[in-house]
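Q: I have a structure I would like to understand better, so I am pasting it below and will then ask my questions one at a time.
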Amino acid sequence: MAAPTSSAADSESVELADVQGNILRGYRKSMVRHLIAQVIDTRQARAWVGATVGPDRSIAPSITNAAHWGERPPDVCFNLGITFTGMQALGVPDSATISFPEAYREGMAARASKIGDWSDSAPEHWKPWFQASDAVHLILTLHADSAALLDQFERVMMSGLGGQAFRITGRNEGAAFDGDEVHFGYRDNISQPRFAQVSPPGKFDGQPSAPLGTVLLGYRTALEQLKWNLPDPPVLGFNGAFNAFRVLEQDVFAFERFLDRAAEQLLDSPLADSLLAIGVEQGVGSPSKRLAAMREVVAAKLLGRWRNGTPLALSPRDPFPDPRVSDTDFDYVDDNAGSNCPLGAHIRRTNPRGAKIVQRVANHTRRLVRRGMPYGPRWGTTPHDADDGVERGLLGNFICADLSAQFEAIYYDWINLGLQDPRITGSNDPLLGANQEDASWFDVVTSQGSVRLRGLPRFVRTRGGAYTFLPSISALRWIGSNEKR
Amino acid sequence: MSSVTSWLRQLFERILIRVWAWLQKTPVAPGGPRDSRQPTDNVMRTMNLVMPLKDKTAIGRAQAALVIGSSLDEIYSGLDNVGTVHMARFTIVDNNLLMFSFYDGDFHAYIRDFIMTLGNAFDGVVGLIEDPPPLPCWQHVDAFIEWVHQRDAFQLPDDPGTMIDVVAPNLDNLEDLSRYLVLQLDKNRNVQLGAYRAYPGYSVAQVRQRLGVGW
Numbered sequence: 000m001a002a003p004t005s006s007a008a009d010s011e012s013v014e015l016a017d018v019q020g021n022i023l024r025g026y027r028k029s030m031v032r033h034l035i036a037q038v039i040d041t042r043q044a045r046a047w048v049g050a051t052v053g054p055d056r057s058i059a060p061s062i063t064n065a066a067h068w069g070e071r072p073p074d075v076c077f078n079l080g081i082t083f084t085g086m087q088a089l090g091v092p093d094s095a096t097i098s099f100p101e102a103y104r105e106g107m108a109a110r111a112s113k114i115g116d117w118s119d120s121a122p123e124h125w126k127p128w129f130q131a132s133d134a135v136h137l138i139l140t141l142h143a144d145s146a147a148l149l150d151q152f153e154r155v156m157m158s159g160l161g162g163q164a165f166r167i168t169g170r171n172e173g174a175a176f177d178g179d180e181v182h183f184g185y186r187d188n189i190s191q192p193r194f195a196q197v198s199p200p201g202k203f204d205g206q207p208s209a210p211l212g213t214v215l216l217g218y219r220t221a222l223e224q225l226k227w228n229l230p231d232p233p234v235l236g237f238n239g240a241f242n243a244f245r246v247l248e249q250d251v252f253a254f255e256r257f258l259d260r261a262a263e264q265l266l267d268s269p270l271a272d273s274l275l276a277i278g279v280e281q282g283v284g285s286p287s288k289r290l291a292a293m294r295e296v297v298a299a300k301l302l303g304r305w306r307n308g309t310p311l312a313l314s315p316r317d318p319f320p321d322p323r324v325s326d327t328d329f330d331y332v333d334d335n336a337g338s339n340c341p342l343g344a345h346i347r348r349t350n351p352r353g354a355k356i357v358q359r360v361a362n363h364t365r366r367l368v369r370r371g372m373p374y375g376p377r378w379g380t381t382p383h384d385a386d387d388g389v390e391r392g393l394l395g396n397f398i399c400a401d402l403s404a405q406f407e408a409i410y411y412d413w414i415n416l417g418l419q420d421p422r423i424t425g426s427n428d429p430l431l432g433a434n435q436e437d438a439s440w441f442d443v444v445t446s447q448g449s450v451r452l453r454g455l456p457r458f459v460r461t462r463g464g465a466y467t468f469l470p471s472i473s474a475l476r477w478i479g480s481n482e483k484r
Numbered sequence: 000m001s002s003v004t005s006w007l008r009q010l011f012e013r014i015l016i017r018v019w020a021w022l023q024k025t026p027v028a029p030g031g032p033r034d035s036r037q038p039t040d041n042v043m044r045t046m047n048l049v050m051p052l053k054d055k056t057a058i059g060r061a062q063a064a065l066v067i068g069s070s071l072d073e074i075y076s077g078l079d080n081v082g083t084v085h086m087a088r089f090t091i092v093d094n095n096l097l098m099f100s101f102y103d104g105d106f107h108a109y110i111r112d113f114i115m116t117l118g119n120a121f122d123g124v125v126g127l128i129e130d131p132p133p134l135p136c137w138q139h140v141d142a143f144i145e146w147v148h149q150r151d152a153f154q155l156p157d158d159p160g161t162m163i164d165v166v167a168p169n170l171d172n173l174e175d176l177s178r179y180l181v182l183q184l185d186k187n188r189n190v191q192l193g194a195y196r197a198y199p200g201y202s203v204a205q206v207r208q209r210l211g212v213g214w
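So the sequence lines, in the order shown, correspond to chains A and X. Heads up: the first sequence is residues 0 to 484, going by numbering that gives the first Met the number 0. Heads up: the second sequence is residues 0 to 214, going by numbering that gives the first Met the number 0.
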């Protein structure tokens with residue numbers, strides 16, 4: 000019953016103008032501002048929400064939908080996420096909200112233990128505007144290419160009905176680095192689910208095209224015959240998606256220091272020459288060159304890609320293979336031992352593709368759309384800079400049709416337990432996991448044997464977040480309608 | 000103690016519990032295990048699903064026995080494909096159909112994978128239960144998971160120290176803990192008192208791998 004399927008799902012069509020624009024494809028803007036808002040006047044807020052999909056731009060800005068932009072993209076892309084308490088604050092009746100799934104109703108902070116948000120990642124350590132249980136009602140997300148555009152947009156929005164409807168309690172701002180690079184120095188935003196209805200035809204990455212039900216309510220999912228239930232009335236849920244918004248602080252200093260330590264361990268191991276890039280391993284390079292090269296090997300093993308994005312699955316010993324290899328068209332089925340891409344590497348853990356995993360029904364069924372952007376200044380240009388104590392990290396949106404079945408299942412079973420393969424069970428994701436230095440481990444395997452790296456600290460800490468629903472355009476209109484309900 | 004004294008004592012206790020409940024609001028603790036930051040605590044977890052039968056006669060119990068017996072193939076198929084269930088057993092106790100299991104990882108993922116793999120087989124089971132979930136189960140997965148969660152027995156920590164730390168962190172002495180326990184057990188009539196294993200926690204796949212039977 001539960002085998003992944005795509006053919007029937009591919010034939011489903013979607014009205015792109017009814018879907019918020021950041022779900023099925025990204026914007027490629029260089030700056031983002033997430034405004035965290037609390038409703039202060041239910042009636043005004045409902046009117047404002049309705050106006051975001053209405054014709055009068057003097058009342059509220061227009062939600063950016065997924066329809067093709069035409070010649071000129073908007074200067075500012077604007078989207079709206081609503082938490083469960085936000086739905087209540089907007090006066091959406093209980094009869095409608097009660098049918099939303101449990102994870103969304105409870106909210107991210109209440110589910111902290113499921114997603115590894117404990118110790119210094121626990122909600123009590125989050126930014127103030129995320130802490131109270133009823134703290135976040137709306138997350139207004141603006142994308143643009145300059146701060147001036149963002150400022151102007153926000154100023155106009157809050158000077159009108161918006162300012163009477165809700166108040167901004169917090170801001171999370173991010174800005175892209177050149178070349179899609181993120182903190183830790185990796186190139187990001189490489190692989191996303193591809194939707195037959197949206198992406199141009201052609202083979203992209205060897206994975207089944209994702210059915211719309213991967214991210215949108217009301218469509219077939221990757222689990223045969225299953226559609227996630229719509230709330231009542233269906234218009235509230237259809238064409239909507241859930242989003243796990245996360246503020247993830249990255250400890251670059253600890254990461255670079257670990258690369259040093261692990262590289263030295265591997266250089267002292269019998270595996271050293273079988274790991275180093277061809278040319279470097281022959282003793283041609285100086286000790287410092289070998290150390291620098293091994294640091295890059297460690298960074299690649301932890302992620303599953305070289306920092307320039309080249310996948311280990313296709314190029315395990317060379318970050319710059321000639322000829323170039325695809326960044327996305329690979330699988331792990333022929334690498335059962337993990338000698339190319341480690342079994343515990345981040346990208347293999349979070350998307351095992353076609354590899355053998357314990358939960359047979361889960362291949363290709365837990366995929367997420369990821370929209371992220373770095374925040375905070377780029378870390379020093381040399382890897383040995385001292386810890387500057389400045390907060391930096393990633394503003395991440397993990398979009399899916401079912402938070403529990405996709406986002407939380409990945410975090411709980413795969414990132415923080417390694418349940419998908421008995422050889423990594425009991426270890427956490429090396430980059431994103433809730434690691435404790437005295438218990439963490441990561442195996443590097445080659446045909447010559449394996450080395451266990453220990454003492455991985457927690458590199459990524461949660462600084463805030465919320466589960467939101469990204470309603471369709473029709474749903475926003477329904478929420479904003481003045482009809483007596 | 001005479002029967003009259005015993006009766007009076009129980010009457011007094013019932014009144015006392017109601018007074019305590021009125022004085023001290025105690026939220027119902029959810030069923031199932033608590034999540035742990037120790038990976039070995041998040042494998043071999045226990046579920047104690049208590050499902051009151053609709054028909055509380057021998058006919059109702061016989062129906063349950065027949066439905067379980069006729070679903071063996073699907074149950075074994077489910078166990079194989081879910082890959083995270085160590086064992087599951089069905090028992091009838093006092094007109095309740097009990098499903099007790101040991102499983103690995105996230106409760107929600109376990110139930111979801113199980114019901115998606117089992118298909119319609121579980122519909123026959125829950126159709127015999129009071130207040131069944133929306134059917135078919137696999138088309139109402141989230142509602143089914145919530146239904147199971149509500150009937151999964153509350154799990155008391157094994158020792159008083161953990162009870163204070165985990166269950167009732169606001170309490171600061173054992174006397175208050177005793178009252179808390181009374182009030183919690185007043186609301187949670189079915190509880191797991193402890194689940195013990197003689198060796199560290201391993202996942203199903205780790206056991207199968209080490210036994211050489213494939214995973």
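Cβ atoms here follow ideal geometry from the backbone N, Cα and C, with glycine treated the same way.
1) In chain X, which residues lie with their C-beta within 9 Å of the C-beta of Asn228 of chain A?
2) Closer than 8 Å by C-beta to Ala108 of chain X: which residues in its own chain qualify, once you throw out the five before and the five after it? Chain order, please.
3) On the three-pair Cβ rule with 8 Å, is the region 64-83 of chain X touching the region 12-21 of chain X?
4) Taking C-beta pairs closer than 7 Å, name the residues in chain X that Trp117 of chain A reaches, listed in chain order.
5) Can you tell me which residues form a DSSP beta bridge with Ser100 of chain X?
6) Going by DSSP, which residues form a beta bridge with Tyr466 of chain A?
7) Is Pro38 of chain X helix, strand or coil by DSSP?
8) Are the region 49-60 of chain X and the region 115-131 of chain A in contact at 8 Å, needing three or more beta carbon pairs?
9) When you compare only the Cα positions, how much space is there between Gly30 of chain X and Lys24 of chain X?
10) Identify the residues that DSSP records as bridge partners of Pro310 of chain A: which are they?
11) Going along the chain, which residues of the region 395-409 of chain A sit with their C-beta nearer than 9 Å to a C-beta in chain X?
12) Where Ala1 of chain A and Arg56 of chain A are concerned, what is the direct C-alpha to C-alpha distance, given to the nearest angstrom?
13) If we count the other Cβ atoms within 10 Å of its Cβ and call it buried at 16 or more, is Ser145 of chain A buried or exposed?
14) In chain order, what residues of the same chain have a beta carbon less than 8 Å from the beta carbon of Arg370 of chain A, not counting five sequence neighbours either side?
15) Could you pull the start and end residues of the alpha helix (DSSP H) that Ile472 of chain A belongs to?
16) Which residue or residues does DSSP assign as beta-bridge partners of Met30 of chain A?
17) What separation, rounded to the nearest whole angstrom, lies between the Cα atoms of Lys53 of chain X and Gln191 of chain X?
18) Please state if the CB of Leu148 of chain A and the CB of Val75 of chain A are separated by a distance shorter than 7 Å.
19) For Thr461 of chain A, which beta-bridge partners are listed by DSSP?
20) Quick check on DSSP: helix, strand or coil for Glu223 of chain A?
21) Listed in chain order, which residues of the region 67-98 of chain X have Cβ atoms closer than 9 Å to some Cβ of chain A?
22) So Ser449 of chain A is in the beta strand (DSSP E); what residue range does that whole segment cover?
23) Taking 7 Å as the threshold (C-beta atoms), are Phe244 of chain A and Ala44 of chain A in contact?
24) According to the neighbour-count rule (16 or more other Cβ atoms, all chains shown, within 10 Å of its Cβ), is Ile346 of chain A buried or exposed?
25) What residues match up with Asn21 of chain A in a beta bridge as DSSP calls it?
26) Closest Cβ-Cβ distance between Ala204 of chain X and chain A: below 7 Å?
27) Compute the Euclidean distance between the alpha carbons of Ser112 of chain A and Asp34 of chain X, then round it to the nearest angstrom.
28) In chain X, which residues lie less than 9 Å from Thr424 of chain A when you measure between Cβ atoms?
29) Since Glu145 of chain X meets chain A, which of its residues come closer than 7 Å, beta carbon to beta carbon?
30) Restricting to Cα atoms, I'd like to know which of X:Arg111, X:Leu117 and X:Leu96 is closest to Glu129 of chain X.
31) Count the C-beta pairs between the region 97-110 of chain A and the region 436-456 of chain A that are closer than 8 Å, then say yes if the count reaches three, no if not.
32) Cutting at 8 Å between CB atoms, please list the residues of its own chain near Asn64 of chain A, excluding the five before and the five after it.
33) Shortest alpha-carbon distance to Thr467 of chain A belongs to which of A:Arg476, A:Asp401, A:Leu452 and A:Ala408?
34) Just the C-alpha distance for Ala131 of chain A and Val246 of chain A, rounded to the nearest angstrom, thanks.
35) Looking at the secondary structure, which residues open and close the alpha helix (DSSP H) in which Met372 of chain A lies?
36) In the DSSP assignment, find the alpha helix (DSSP H) that holds Ile14 of chain X and state where it starts and stops.
A: Inspection of the coordinates gives the following:
1) Along the first sequence, one-based indexing puts residue 228 of chain A at 229. Listed along chain X, the residues sitting closer than 9 Å to Asn228 of chain A by beta-carbon distance are Pro133, Gln138, His139, Val140, Asp141 and Ala142.
2) Position 109 of the second sequence, counted from the start, is the residue given in the question as residue 108 of chain X. Closer than 8 Å at Cβ, skipping near neighbours: Thr83.
3) Too few Cβ pairs lie closer than 8 Å, so no.
4) Along the first sequence, read from residue 1 onward, the residue named residue 117 of chain A stands at position 118. Within chain X, the residues near Trp117 of chain A are Arg36.
5) Reading the second sequence from its first residue, position 101 is the one you call residue 100 of chain X. Bridge partners of Ser100 of chain X: X:Met46 and X:Ala87.
6) For this step, residue 466 of chain A is matched to residue 467 along the first sequence. For Tyr466 of chain A, the pairing in a beta bridge is given by DSSP as A:Ala243.
7) Along the second sequence, one-based indexing puts residue 38 of chain X at 39. Helix, per DSSP.
8) Between the region 49-60 of chain X and the region 115-131 of chain A there are fewer than three inter-stretch CB-CB distances shorter than 8 Å, so the stretches are not counted as touching.
9) Residue numbering aside, residue 30 of chain X sits at position 31 when the second sequence is read from its first letter. Residue numbering aside, residue 24 of chain X sits at position 25 when the second sequence is read from its first letter. Their Cα atoms are separated by approximately 18 Å.
10) The residue given as residue 310 of chain A occupies position 311 in the first sequence. Partner(s): A:Arg304.
11) Flagged, chain order: Asp401, Ser403, Ala404, Glu407 and Ala408.
12) Your numbering for residue 1 of chain A matches position 2 in the first sequence. Your numbering for residue 56 of chain A matches position 57 in the first sequence. Residue placement at Ala1 of chain A is poorly supported in this model, since its pLDDT is 39, which falls under 50; the coordinates are not used for a value here.
13) Position 146 of the first sequence, counting from 1, holds the residue named residue 145 of chain A. Residue environment for Ser145 of chain A: exposed (fewer than 16 other C-beta atoms within 10 angstroms of its C-beta).
14) Working through the first sequence from its first residue, we reach residue 370 of chain A at position 371. Counting only residues of its own chain and dropping the five nearest sequence neighbours on each side, Arg370 of chain A has a CB closer than 8 Å to the CB of Asn21, Gly25, Gly395, Asn396 and Ile398.
15) Walking along the first sequence from the start, residue 472 of chain A turns up at place 473. Residues Ile472 to Gly479.
16) Stepping through the first sequence from its first residue, residue 30 of chain A is reached at position 31. Bridge partners of Met30 of chain A: A:Ala143 and A:Ala174.
17) What you label residue 53 of chain X is simply residue 54 of the second sequence in a count that begins at 1. What you label residue 191 of chain X is simply residue 192 of the second sequence in a count that begins at 1. Between Lys53 of chain X and Gln191 of chain X, the C-alpha separation is close to 23 Å.
18) For this step, residue 75 of chain A is matched to residue 76 along the first sequence. For this step, residue 148 of chain A is matched to residue 149 along the first sequence. Between Val75 of chain A and Leu148 of chain A, the C-beta gap is smaller than 7 Å, which places the two residues in contact.
19) Your numbering for residue 461 of chain A matches position 462 in the first sequence. The partner list for Thr461 of chain A (beta bridge, DSSP) reads A:Leu247.
20) By one-based count along the first sequence, residue 223 of chain A stands at place 224. Three-state DSSP puts Glu223 of chain A in coil, outside helix and strand.
21) The region 67-98 of chain X vs chain A, Cβ under 9 Å: Asp79, Asn80, Val81, Gly82 and Thr83.
22) By 1-based counting over the first sequence, the position of residue 449 of chain A is 450. Annotation for Ser449 of chain A: the continuous beta strand (DSSP E) segment containing it runs Gly448 to Arg453.
23) As a working mapping, residue 44 of chain A is identified with position 45 in the first sequence. As a working mapping, residue 244 of chain A is identified with position 245 in the first sequence. The Cβ atoms of Ala44 of chain A and Phe244 of chain A do not sit closer than 7 Å to each other.
24) As a position in the first sequence, residue 346 of chain A is number 347, starting the count at 1. With 16 or more other Cβ atoms within 10 Å, it is buried.
25) Taking the first sequence and counting its residues from 1, the one referred to as residue 21 of chain A is at position 22. Beta-bridge pairing links Asn21 of chain A to no other residue.
26) The residue you call residue 204 of chain X lines up with position 205 of the second sequence. Yes - at least one Cβ of chain A is within 7 Å of the one on Ala204 of chain X.
27) Your numbering for residue 112 of chain A matches position 113 in the first sequence. Your numbering for residue 34 of chain X matches position 35 in the second sequence. About 6 Å.
28) Reading the first sequence from its first residue, position 425 is the one you call residue 424 of chain A. Counting only Cβ-Cβ distances below 9 Å, Thr424 of chain A has contacts in chain X at Pro38, Val42, Asp103, Tyr201, Ser202, Ala204 and Gln205, in chain order.
29) Indexing the second sequence from 1 puts residue 145 of chain X at position 146. Glu101, listed in chain order.
30) Taking the first residue of the second sequence as 1, we reach residue 129 of chain X at position 130. Of the candidates X:Arg111, X:Leu117 and X:Leu96, the one whose C-alpha sits nearest the C-alpha of Glu129 of chain X is X:Leu96.
31) The region 97-110 of chain A makes no contact with the region 436-456 of chain A, as fewer than three CB pairs between them are under 8 Å.
32) Residue 64 of chain A sits at position 65 when you count from the first residue of the first sequence. So the qualifying residues of the chain are Leu15, Ala16, Asp17, Val18, Gln19, Gly20 and Ile472.
33) By 1-based counting over the first sequence, the position of residue 467 of chain A is 468. Measuring from the Cα of Thr467 of chain A, the nearest candidate turns out to be A:Asp401.
34) The residue given as residue 131 of chain A occupies position 132 in the first sequence. The residue given as residue 246 of chain A occupies position 247 in the first sequence. So the alpha carbons of these two residues sit roughly 16 Å apart.
35) As a first step, residue 372 of chain A must be located in the first sequence, where it is residue number 373. Judged by DSSP secondary structure, Met372 of chain A falls outside any alpha helix (DSSP H) and instead within the beta strand (DSSP E) spanning Val368 to Tyr374.
36) Counting from 1 along the second sequence, the entry for residue 14 of chain X is found at position 15. Unbroken alpha helix (DSSP H) run through Ile14 of chain X: Ser2 to Leu22.
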